[in-house]
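Mapping of the sequence shown onto our numbering: position 51 corresponds to residue 238, and the numbering continues sequentially without gaps.
Note that CB positions come from ideal geometry on N, CA and C, so glycine has one too.
Only a predicted model underlies this, so the values are computations on that prediction, with no experimental measurement involved.
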Amino acid sequence: MDKLDTFYDKVIQSDVFLKVENTSDKENKIFEARVSVPGDSFVVKKQCKSFEEGADMAASSLERQLKKRKEKLRAHL
Numbered sequence: 188m189d190k191l192d193t194f195y196d197k198v199i200q201s202d203v204f205l206k207v208e209n210t211s212d213k214e215n216k217i218f219e220a221r222v223s224v225p226g227d228s229f230v231v232k233k234q235c236k237s238f239e240e241g242a243d244m245a246a247s248s249l250e251r252q253l254k255k256r257k258e259k260l261r262a263h264l
């Protein structure tokens, strides 16, 4: 999550939640991340076989969202 600052330097806060569901399914790990930026917040929730896989997928998704937000702000300037 620390590398998200390289894509958007105005991150105010980030929270990560790790959960395990009691199911027989192998993909029972839930990785949820919330990132707050001025005027907005992003929430990503991924369900995978491992927390590491969920973290990688969530980081990629947040990276795309933060880049999109940054470009949107640049377009308005």
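Distance between residue j and residue i (C-alpha atoms, nearest Å)
| i | j | result |
| --- | --- | --- |
| Arg261 | Lys213 | 42 Å |
| Lys257 | Gly226 | 12 Å |
| Asp189 | Gln234 | 21 Å |
N- and C-terminal bounds of the beta strand (DSSP E) containing residue i
| i | result |
| --- | --- |
| Lys254 | Run containing Lys254: none in the beta strand (DSSP E); it sits in the alpha helix (DSSP H), 238-263. |
| Lys213 | No beta strand (DSSP E) holds Lys213; DSSP gives it neither H nor E. |
| Lys233 | 227-235 |
Sequence-distant residues of the same chain with beta carbon closer than 8 Å to residue i, five excluded per side
| i | result |
| --- | --- |
| Asn209 | Asn215 |
| Val276 | With the chain covering 188 to 264 only, the question about residue 276 has no answer from this structure. |
Three-state secondary structure assigned by DSSP to residue i
| i | result |
| --- | --- |
| Asp196 | coil |
Cβ distance (whole Å) where residue i is taken to contact residue j below 8 Å
| i | j | result |
| --- | --- | --- |
| Asp249 | Val207 | At residue 249 the sequence reads Leu, which differs from the Asp that was named. Actually they are not in contact, since the Cβ atoms of Leu249 and Val207 sit about 22 Å apart, beyond 8 Å. |
Close beta carbons around residue i, own chain, < 7 Å, minus the five adjacent residues each side
| i | result |
| --- | --- |
| Lys232 | Ile217, Glu219 |
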